[in-house]
Amino acid sequence: MFPFKRSALYCALLSAGVSTYSVQANQDLPQVEAPEDIEVIQVRGIRRSLEASQSIKMDNSSIVEAISAEDIGKLPDVSIAESLARLPGVTAQRLNGRAQNISIRGMSADFSSALFNGREVVSTGDNRGVEFDQFPSELLNGVLVYKTPDASLIGQGLAGTVDMQTIKPLAHGEQTFSVGGRYEWSQDDAVNPLGEDQGERLSATYIDQFLDDTLGLAIGYSHTSTPNQIERFEAWGYPENDQGEHEFGGAKVSNTSNLLERDSVMAIIEFAPNADLHSTLDLFYSEFEEKQNITMMEMGLTWSGAQLQPGYETDENGNVIAGTYDGVKPIVRNDLNTRDSDMFAIGWNTNYNLNDDWSMEFDVAHSKVDRVDMNLETYAGTDGVTDTISYEMTDKGPQFTHDIDYSDPTQIGLTDSAGWGQAGFNKFSYIDDEINQVRLAISRYIDSEVYSNVTFGAHYIERSKEKSADEYIIKGMANGADIYYGAPTSGTVDFDNYGLGEVVVYDPWDLWNSGIYEIEEYQHPDVTEKAWLVEENVLTLYTKLDIDTEISDYVLKGNFGFQAVYTDQFSEALSSDANNNLVSESGGDTYWEFLPSLNLNLNLTDEDVLRLGIARTLSRARMDDLRASGQYSFDPKFENGTDLDGSPWSASGGNPELRPWIANAIDLSYEHYFTDSNGYYAVAVFYKDLENYIYNEQVEHDFTGYPVPDNCTDKNGDLVTCSPEFYEGYSSTPQNGEGGDISGVELSVSLTGEMFTPALEGFGVLLNGSYTDSSIQPDPNNSSTPLPGLSEKVLNTTMYYAQEGFEARVSSRYRSEFLGEVSGWGGGRELKMIQAETIVDAQVSYSFAEGSQFDGLTLLLQGNNLTNEAFEVLEDGDENRIIDYQEYGRTFMFGANYTF
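Using our numbering, the letters of the sequence shown map in sequence onto residues 2 to 901.
What follows is the structure in structure tokens.
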């Protein structure tokens, strides 16, 4: 145990059941009883959370950050992702206005891993990265972020590992029933008449102990209905004209009402009949639904043949910032995006002391998720009438003027107004992800002046992730007409913020099911490529030796060990060409990786500790990079090329033989803890040397057996039967290439007002910041491309006041610009430079005093995104070339928690 003087407050936390965790995620620390002569203080709210988080950080042998629940069913923020984004060296990317994807130490979600009660868990996304909004904060007791691994940490990530942990009912130690409810609303009304602007959050948790405190039970339920509004401008791009000026390629302006609905259930049964046996069964189920109703005005300008009229205005960089286009073909889009996913996880963990020296741990778990996405687009417009569009660029995008009344359904009917060959489409995407895992570990106590324990373990995991897709084109109207008037409308959307006035709204789901449309299945290589199966079988053998000794008068603790990881990976899928010829593809690889690790913690004084972590770590390649699917083509004009440069064959796709990212890392941290648990400050530096990185490269590929067209063109231009003599060509696939390094420094401090003067009792501040640098070039052809997810500067601040039941806090999180992953055309992955942002949230609450009539009741009011911070993407960093600008508005919650 860290030789630090425990305060009465700390002992009270332990007696109140705040769980602390050792390095091995599923192994509990011994429970500490509060001394009889110390008054047990009932601590609630943010002070409870900070005390518990600090004790976890102090006692862990790795360099970690921790989040603890303030009270039952109440973590500090609305979502787990937002709480994580306040930790040193951790940031989040917003999606639809909420934090979702986590970046640790400047590396994207691809380089970190997420655990649930110490176990790897499935993901609702297309890849490995866990989408944290699947897990309700009301059902979690805490989150632990490992920045340095040890040999017993399974599923560790290259950048870090996030372990979400539920409550332990026996450690909680008392019967508790907690209920909570919050009413949630947007500052503005729903920006789409088909959407919602009000929601609610409901939760209930029951914890109890039976059979003389040998059997514990915890049951929890959480319901969330969270609306938010999105006002968005997107540019098609800014092509150069003959004068080198950047014209306006086209624009999309949309109003979206987003509604997230989630129902989750948790159950934990804990059994400890004696000091030698401890067994826990935990279950988690989540049903997640998200719906986006979108009304959009889309207009092709330069890139659709509309003519920029003379007299336009440019800025000093040659951007056309004001002008008029004639011949614009208007498109009124009404879209519906939905996501439905069901997630289930179950795990059973047992620890048994065989005798005074030997103990055993057995853990088995299963998790599965099924997800269905739908992206439905419907188009409307005029019967061949074009518009004259003028615009002037502002800091939020263009302000338009126009001639056509887009709110009039007698002028705006269902049609292919842009001449794209379709009046809409519907895309379905399916994900099935399943993990089965088992672990067995044996530990032996060592009576030594240097070592305290040795552990030998094995962990086996089977993972299967399958993606498939169905896509349909709305060819036109079922009655053969070019345009259909008379479909029921659902009101209008107000686009005055971009000068476009009122725009008619049709319900796209009603249109899809109405029989108005002629619909056919979409056959294209892009659809075939989206379907794949990836399977992995991973065996991890590990040994860890715990250190507990003294050097002179200094206590030295830690561990060293290694993991030997065997991987058998496989993928099968189809590739196709433009004529929808299909080729079965499959492949895989097997390999071993050796991952040593060392953690040393030197206690310089009772209040100061110096930590050193050295490890070789890995992160497995993205699932979509491991896929066997792809697209290929054969150019019939060059059938008899006899060298690679003149080959008629080409392809692109995934690579089932990809090896993982590997890094050699060193971390050094100095931490000082103030007397009586009043706070701490810490300084950490880290360096990661990546042995490789994954790039798209042109590699040779054998196309023997691939179908070819019936007819080819010979050198004289005559049609002949295709009979190629050369089957080699290039394929663009992900490959393991040269790596690089990433380094950084992190500073964090937690201070209370009473440290300085009694007059500031109750006040406190949390500050942390990081600076991260990288030499990695994800695009070998562009030296200016940064590492995805890397913000060089991150700063988080929380100021709070907590006294006599009243609490108030204001939090902000800042991150500098970064290369983020966004959804591109067709739902594909695109990387865009996202501008710096600062998110500000605030909360006030009051908890009634113990013994009062309303003892156990807490009232709270919370505001999120108070400054209405925009999500913004620029082209080449130019403020007059906005690619994407989104405003989500402010949201508020009022609610109550009652615990008894």
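Heads up, the beta-carbon is just placed ideally off N, CA and C, and yes, glycines get one too.
Spatial distance of residue i from residue j (CA atoms)
{"i": "residue 174", "j": "residue 210", "result": "7 Å"}
{"i": "residue 381", "j": "residue 293", "result": "19 Å"}
{"i": "residue 659", "j": "residue 258", "result": "40 Å"}
{"i": "residue 18", "j": "residue 873", "result": "In this prediction, residue 18 has a pLDDT of 35, which is less than 50 and means its spatial position is unreliable; nothing more can be read from the coordinates."}
{"i": "residue 192", "j": "residue 727", "result": "58 Å"}
{"i": "residue 390", "j": "residue 299", "result": "12 Å"}
{"i": "residue 750", "j": "residue 60", "result": "18 Å"}
{"i": "residue 855", "j": "residue 166", "result": "30 Å"}
{"i": "residue 231", "j": "residue 721", "result": "56 Å"}
{"i": "residue 178", "j": "residue 71", "result": "15 Å"}
{"i": "residue 556", "j": "residue 672", "result": "15 Å"}
{"i": "residue 34", "j": "residue 172", "result": "With a pLDDT of 40 at residue 34, under the threshold of 50, the modelled position of that residue is not reliable, and the figure given next carries that caveat. Using only the alpha carbons, I get a separation of about 11 Å."}
{"i": "residue 905", "j": "residue 228", "result": "Examination of residue 905 is not possible in this model, given that the chain is present from 2 through 901 alone."}
{"i": "residue 622", "j": "residue 579", "result": "28 Å"}
{"i": "residue 101", "j": "residue 244", "result": "43 Å"}
{"i": "residue 902", "j": "residue 515", "result": "Any question about residue 902 goes unanswered here, given that the chain covers just 2 to 901."}
{"i": "residue 680", "j": "residue 752", "result": "5 Å"}
{"i": "residue 234", "j": "residue 400", "result": "11 Å"}
{"i": "residue 718", "j": "residue 646", "result": "21 Å"}
Limits of the alpha helix (DSSP H) - the one that residue i falls within
{"i": "residue 58", "result": "46–60"}
{"i": "residue 530", "result": "526–530"}
{"i": "residue 81", "result": "81–85"}
{"i": "residue 624", "result": "624–627"}
{"i": "residue 172", "result": "170–173"}
{"i": "residue 511", "result": "509–513"}
Where the beta strand (DSSP E) through residue i begins and ends
{"i": "residue 880", "result": "879–888"}
{"i": "residue 610", "result": "609–620"}
{"i": "residue 164", "result": "161–166"}
{"i": "residue 842", "result": "838–848"}
{"i": "residue 331", "result": "331–354"}
{"i": "residue 597", "result": "583–604"}
{"i": "residue 653", "result": "650–654"}
{"i": "residue 713", "result": "712–714"}
{"i": "residue 469", "result": "452–478"}
For residue i, the residue or residues it bridges with in DSSP
{"i": "residue 399", "result": "394"}
{"i": "residue 359", "result": "445"}
{"i": "residue 111", "result": "In the DSSP output, where bridge partners are listed per residue, residue 111 has none listed."}
{"i": "residue 751", "result": "681, 767"}
{"i": "residue 665", "result": "617, 690"}
{"i": "residue 149", "result": "Bridge partners of residue 149: none, in fact."}
{"i": "residue 209", "result": "218"}
{"i": "residue 638", "result": "In the DSSP output, where bridge partners are listed per residue, residue 638 has none listed."}
{"i": "residue 304", "result": "Residue 304 is not bridged to any residue."}
{"i": "residue 809", "result": "802, 845"}
{"i": "residue 862", "result": "845, 895"}
{"i": "residue 249", "result": "Residue 249 is not bridged to any residue."}
{"i": "residue 1", "result": "Since the first residue of the chain shown is 2 and the last is 901, residue 1 is not available in this structure."}
{"i": "residue 223", "result": "204, 265"}
{"i": "residue 272", "result": "216, 280"}
{"i": "residue 560", "result": "547, 600"}
{"i": "residue 1", "result": "No answer is possible for residue 1: the residues shown for the chain start at 2 and end at 901."}
{"i": "residue 420", "result": "BP columns for residue 420 are empty, so no partner."}
{"i": "residue 737", "result": "695"}
Supposed contact pair residue j and residue i - C-beta distance, whole angstroms, cut 8 Å
{"i": "residue 217", "j": "residue 170", "result": "3 Å"}
{"i": "residue 159", "j": "residue 620", "result": "4 Å"}
{"i": "residue 387", "j": "residue 329", "result": "6 Å"}
{"i": "residue 625", "j": "residue 127", "result": "6 Å"}
{"i": "residue 121", "j": "residue 156", "result": "4 Å"}
{"i": "residue 442", "j": "residue 457", "result": "7 Å"}
{"i": "residue 377", "j": "residue 513", "result": "6 Å"}
>> Within 8 Å, do at least three Cβ pairs link the stretch 428–435 to the stretch 371–385?
In response: yes
>> Does the stretch 563–571 come into contact with the stretch 588–598, if we say contact requires no fewer than three beta-carbon pairs (one atom in each stretch) closer than 8 Å?
In response: yes
>> For the pair the stretch 471–482 and the stretch 393–401, tell me if three or more CB-CB distances fall below 8 Å.
In response: no
>> If contact is defined by three or more beta carbon pairs under 8 Å, each pair taking one atom from either stretch, is the stretch 711–725 in contact with the stretch 753–767?
In response: no
>> With a threshold of 8 Å, are at least 3 pairs of Cβ atoms found where one atom belongs to the stretch 769–779 and the other to the stretch 698–712?
In response: Because the criterion of three Cβ pairs below 8 Å is not met, the stretch 769–779 and the stretch 698–712 do not touch.
>> Can you confirm whether the stretch 643–663 touches the stretch 728–739 when touching is taken to mean that 3 or more C-beta pairs between the two stretches lie within less than 8 Å?
In response: yes
>> Using 8 Å as the cut-off, can you tell me whether the stretch 90–105 makes contact with the stretch 336–343, which would need three or more C-beta pairs spanning the two stretches below that distance?
In response: Too few Cβ pairs lie closer than 8 Å, so no.
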